[in-house]
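Sequences listed follow chains A and B, in order. The numbers in the first sequence follow my numbering, run straight up by one, and end at 333. The numbers in the second sequence follow my numbering, run straight up by one, and end at 972. All C-beta atoms in this analysis are idealised placements derived from N, C-alpha and C, irrespective of residue type, glycine included. Just so you know, these numbers come straight off a predicted model, no measurement behind them.
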Amino acid sequence: MTLASSVASTSAPRVGVLSHPWVRFGLRRLGRLLVSLWVLVTASFLMIHLIPGDPVRAALGPTAPPALVAARRADMGLDDPLLVQYWHYLQHLFTGDLGTSMISQLPVSQIVSQRLPATLQLALLAFLAAVAVAVPLGVLMGVLTRRGHGRRTELAFTTSSVVVGIVPDFLVGVGLVYVFGVNLGWFPVAGNATPEAYVLPVLSLAIGPAAILARIIRVEMVSVLEADFVRTARAKRLPARAIYLGHALPNALTASLTLGGLLLSAMVAGTVLVENVFAWPGLGSTIVSSILNKDYQVVQAIVLVYGVGVLVVNTLVDVALALIDPRSTIRED
Amino acid sequence: MWRRWTSVLRTPLGVAATALTLAVLVLAVVAPMIWTDNANAVDTGNILAGPSGDHWAGTDNLGRDILFRTLVATRLSVELALAATAIAVVAGLVLGTSGFLLGRRAGRLISAGINIAVAFPGILLALFFAVIFGVGATGAVFAIGLAGAPAFGRLTHTLVAGIESRDFVSAARIAGVGRPRILVRHILPNIAEPLVVNATIGAGGALLSFAGLSFLGLGVQQPHYDWGRLLFDGISSIYVNPAAALAPGAAVLLAGLAFNLFGESVAKGLGVGVVGGIPALPPAPPALATEEVSVVEAHHEDTDLVLDVRDLEVTFPGRRGPIRPVRGVSFGVRRGEAVGVVGESGSGKSLTALAVSRLVSETGRVDASRLELLGTDLRASDSRAQRQLLGTSLAMVFQDPMTSFNPTRRMGSQLAEVARHHQGMDRRSALARAVDRLRSVRITEPERRARQYPHEFSGGMRQRAMIGMGLMGTPALIIADEPTTALDVTVQQQVLDLLQAIREADGVALVLISHDVTVVGEVCDRVLVMYAGRIVEDLPAGALATDALHPYTRALVAAVPDMDTDLDQPLAVIPGRPVDPADVPPGCAYAARCPLASARCRTEDPALVDAVPGHRVACWHAGEPIDVEVADREQVRVP
Chain A
1 MTLASSVAST SAPRVGVLSH PWVRFGLRRL GRLLVSLWVL VTASFLMIHL IPGDPVRAAL
61 GPTAPPALVA ARRADMGLDD PLLVQYWHYL QHLFTGDLGT SMISQLPVSQ IVSQRLPATL
121 QLALLAFLAA VAVAVPLGVL MGVLTRRGHG RRTELAFTTS SVVVGIVPDF LVGVGLVYVF
181 GVNLGWFPVA GNATPEAYVL PVLSLAIGPA AILARIIRVE MVSVLEADFV RTARAKRLPA
241 RAIYLGHALP NALTASLTLG GLLLSAMVAG TVLVENVFAW PGLGSTIVSS ILNKDYQVVQ
301 AIVLVYGVGV LVVNTLVDVA LALIDPRSTI RED
Chain B
334 MWRRWTSVLR TPLGVAATAL TLAVLVLAVV APMIWTDNAN AVDTGNILAG PSGDHWAGTD
394 NLGRDILFRT LVATRLSVEL ALAATAIAVV AGLVLGTSGF LLGRRAGRLI SAGINIAVAF
454 PGILLALFFA VIFGVGATGA VFAIGLAGAP AFGRLTHTLV AGIESRDFVS AARIAGVGRP
514 RILVRHILPN IAEPLVVNAT IGAGGALLSF AGLSFLGLGV QQPHYDWGRL LFDGISSIYV
574 NPAAALAPGA AVLLAGLAFN LFGESVAKGL GVGVVGGIPA LPPAPPALAT EEVSVVEAHH
634 EDTDLVLDVR DLEVTFPGRR GPIRPVRGVS FGVRRGEAVG VVGESGSGKS LTALAVSRLV
694 SETGRVDASR LELLGTDLRA SDSRAQRQLL GTSLAMVFQD PMTSFNPTRR MGSQLAEVAR
754 HHQGMDRRSA LARAVDRLRS VRITEPERRA RQYPHEFSGG MRQRAMIGMG LMGTPALIIA
814 DEPTTALDVT VQQQVLDLLQ AIREADGVAL VLISHDVTVV GEVCDRVLVM YAGRIVEDLP
874 AGALATDALH PYTRALVAAV PDMDTDLDQP LAVIPGRPVD PADVPPGCAY AARCPLASAR
934 CRTEDPALVD AVPGHRVACW HAGEPIDVEV ADREQVRVP
């Protein structure tokens, strides 16, 4: 299949405990994660070297004395051969050393650890809000528009969810700021000092994905309700609740999760724009100001953190998928 | 191709998206020509003013008109989005076709790389490239273009892989045509359409992403401006003049939606057509002919009836009026009796079973003058008591055991569920009962098996588990719809034996639906022969081989090859084709295929009447000799 899976399969010979489907599944996913991580780390390392010109000169500005630039280059090891620099980069990563900001002279790891919690809170709350809305809405719409039912409801729901799903999070944010901040004055529109300040940023991030997820869940629900095993459940004369939630939903969620997983990692990245709408003191506003300041050490580290976040989310989605539908561990053999 | 593209105009959403897309494109061309001067005019007396008669959307910090600036910005915004899309498509094409051009090994490596890149959200890739290419419009075009490349690469790769295996590509390859030439001449023309559609959707995405980058201050830089830049400038003064942020925001949104929805509508138009409305069912017809009711009066006096069905009809809404695949079926099943139902596919036998067990999908309507299980009327609306009766006294066995179990639940819990809901058992005792039932259907190691998932069972085992699930209650009737059709020949007999054993041990009645006359003849006491939604003959299984009266039954029996069949001769067949339920002819439905048909058969439908006690038939010419040669002349097989 992919490079990742071929790596995993060579490390998982079919003997003893290693032939257990769950163990092999775990190894395969671990292999894929490690390969992706390596690509990510290498890309973030190369980023500084791909920038045309001298990144130190760019950061310090054209008026900085050449001696200072040379000294800073030496500090950062930029004059070493590329492979040596790569080796040092990996070594430092393992010890949690992300370098020093060229602008503020603070350790990058300190900047990241100060900013990360705000971003994590935002992404996590938005994720919970999106799921909390999308799952009941999708299931309800699926039941209401199952075969032979609710054509009008289906058209109205599909059209509105398509439109809402396309609107990018930062525009939702601008709209929310205008309505609830400027006009109504109900919620603060900047910072994260009070619990109320969370409302608008979380909503901006959650609304689009919630609409898309609800639409996916509805489609899956409608097709699952046609499945033979739902007829079996009906033949067992289970109450409607048990049929919809006990039998149809887990199967509808399996397929929804596969597509929804991409949505979740998009939400992690979506914090970048939303944070800039709401002056949210997280990684997203930091990365943008660092790009504009040419503070490449910080940019490099934050790109890495976002990338790791995406990979972790994707892996968690895969594992959740396997737990809900055990066939998916077998299917890839 | 053009006709299919214009199909987008058939939906209101498609029309709106097309109109909006055209409007955006026209504005992109025209706006800068007309309004550039107005957009750059500085009005120092009106700095950061709100909307007024002179400036409909107010002014910015230099007193320039927001509305004109928004209109003029259309060109740059659209240009940049299209440029980025072009880069994404070209880079995606290179990535996606490189596997085909460079051979398997390099192709695998590239597709692995694409898969990894696709996992990262576009905005993250765009930021990464924006750092490398530098802040500004050019850098942003490359950043957004390259960020979109992996997705297009994957799409191209998938499309190429689909075409690559086609015969005409193999033929070209055998003819010695080089790979680049095959790609240009044969593959690209065939994948152009989906690529263009996706590029349109991609352009909408690029427009929105570009606005995002400019909004972050990483895209277009002053003195140039696109919508994102105007938004970036406007949001800082949103409390002073909200229109400065809202006008460009609305423009981005409308344009992005237009491209996106236009692409989506075209994609839908190229795919599945839109389904039109289907008229609703008319109100229920008045009570059915009394003639047939009197015929089955004899059954009613029988207090031993487990199932009593009279004048059963199933109706579905159809395009040209209601379709009635089951047209008045009456029969009874006694305690412990095995009744077989045979007929060609489409004869309504499965639907009869579903209607009796109240499992017809909600689009269909079931009518009957009597429908009783163990003396309880099943026609009444769904009540808890009725659910409990059906759940415990009626067991269903479906055709495909593969798909009839929920793949995400353990076997044991799927069986236990019945006892939990209908017998009020707790989890532990319900599971113990499930294990016991699995054992009773001869599944070895039932404790271990109960913890497994359906995919870990073999087909025959799954069907036995399905029967075991029916035995969770105390069934008086098992309805088995083609229970062995999907199974391996070697396990078919096991399943039939199991059903037989249950019947004998517990006096359970069985309705066995099958297209296989032989199986039904072996297992059942009595056979119902169905044709075009009616029972045409109801006879003892023993009479099937020699004493069948209806010409259709006799044709079915004759079509079964036996040890004496001369295999050099073509197999016997029933001439003609089954009746379309949407178009049932007047008179006897079988008349068109019947060698005995007379003028009366084509106008008057024969009722199901007793020929001898215990043997009913619906035929004007029941038992008359058939001229064999007539039946053998045509060559249509029994499905």
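Is it true that the segment 550 to 562 of chain B meets the segment 508 to 515 of chain B, where meeting means three or more beta-carbon pairs spaced less than 8 Å apart? No: fewer than three Cβ pairs fall under 8 Å.
Along the segment 530 to 550 of chain B, where does the CB come closer than 7 Å to a CB of chain A? Name the residues. 541, 545, 548, 549 and 550
Relative to the alpha-carbon of residue 50(A), which residue among 600(B), 466(B), 523(B) and 350(B) has its alpha-carbon at the smallest distance? 466(B)
Taking DSSP as the reference, what is the three-state secondary structure of residue 949(B)? strand
Classification of residue 280(A) by the beta-carbon crowding that lies within 10 angstroms, buried from 16 upward: buried
Since residue 170(A) meets chain B, which of its residues come closer than 7 Å, beta carbon to beta carbon? Result: 545 and 548.
Once DSSP output is grouped into helix, strand and coil, what is the label at residue 863(B)? strand
Check for me: the alpha helix (DSSP H) holding residue 333(B) runs from which residue to which? Look at the range of chain B in this structure, 334 to 972, and you will see that residue 333(B) is not part of it.
Step through the CB atoms of chain B and report whether any lies within less than 8 Å of the CB of residue 54(A). For residue 54(A), not one C-beta of chain B is nearer than 8 Å to its own C-beta.
Where in the segment 559 to 610 of chain B do unbroken runs of the alpha helix (DSSP H), each at least 4 residues long, occur, reported from the N-terminal end onward? 560 to 568 and 576 to 603
Pull out every residue of the segment 215 to 227 of chain A whose Cβ sits closer than 7 Å to any Cβ of chain B, in chain order. 227
Nearest-angstrom Cα distance between residue 842(B) and residue 833(B)? 10 Å
Residue from 367(B), 885(B), 766(B) and 906(B) with nearest C-alpha to residue 894(B): Nearest C-alpha to residue 894(B): 906(B).
Between residue 686(B) and residue 811(B), is the Cβ-Cβ spacing less than 8 Å? no
Is there a Cβ from chain B that is less than 8 Å from the Cβ of residue 242(A)? yes
Does residue 368(B) pass the burial test, meaning 16 or more other C-beta atoms within 10 Å, or should it be called exposed? buried
So which residues of chain A does residue 696(B) contact, with C-beta pairs closer than 9 Å? 147, 148 and 149
Enclosing alpha helix (DSSP H) for residue 845(B) [first to last residue]: Premise fails: residue 845(B) lies in the beta strand (DSSP E), 842 to 846, not in any alpha helix (DSSP H).
Output, in sequence order along the chain, the residues in the segment 724 to 735 of chain B whose CB is closer than 7 Å to any CB in chain A. 724, 729, 731 and 733
Proximity to residue 647(B) [Cα-Cα], best of 638(B), 385(B), 792(B) and 689(B): 689(B)
Return the first residue and the last residue of the alpha helix (DSSP H) that residue 261(A) is part of. 249 to 277
Does the distance from the C-beta atom of residue 211(A) to that of residue 164(A) stay below 8 Å? yes
Indicate whether at least one CB of chain B lies closer than 8 Å to the CB of residue 47(A). yes
Can you check whether the CB of residue 214(A) is closer than 8 Å to the CB of residue 126(A)? no
In whole angstroms, what is the alpha-carbon distance linking residue 275(A) and residue 33(A)? 28 Å
Other residues of its chain near residue 244(A): CB distance less than 7 Å, five sequence neighbours each side excluded: 139 and 143
Partner residues on chain A for residue 453(B), Cβ-Cβ distance less than 7 Å: 307 and 310
Count the other CB atoms, across all protein chains shown, that sit within 10 Å of the CB of residue 872(B); report buried if there are 16 or more and exposed otherwise. buried
Own chain partners of residue 348(B) with C-beta closer than 6 Å, once the 5 adjacent residues on each side are dropped: 342
Can you tell me whether residue 508(B) is helix, strand or coil according to DSSP? coil
Close Cβ partners of residue 974(B) (< 8 Å) along its chain, the five nearest in sequence each way excluded: In the structure as shown, chain B starts at 334 and stops at 972, and residue 974(B) therefore has no counterpart that could be examined.
Quick one: which chain A residues come within Cβ less than 8 Å of residue 582(B)? Scanning chain A for C-beta atoms nearer than 8 Å to the C-beta of residue 582(B) yields 171, 174 and 175, reported in chain order.
So, is the C-beta of residue 36(A) closer than 8 Å to a C-beta in chain B? Contact of residue 36(A) with chain B is assigned, a C-beta pair being separated by under 8 Å.
Within chain B, the residues that residue 132(A) reaches when beta carbons sit closer than 9 Å: By Cβ distance, chain B contributes nothing, its closest Cβ being about 22 Å from residue 132(A), past 9 Å.
Is the segment 143 to 161 of chain A touching the segment 177 to 186 of chain A in the sense that three or more CB pairs, one from each, lie closer than 8 Å? no
Ranges of the beta strand (DSSP E) found wholly within the segment 743 to 822 of chain B, counting only runs of at least 3: 810 to 814
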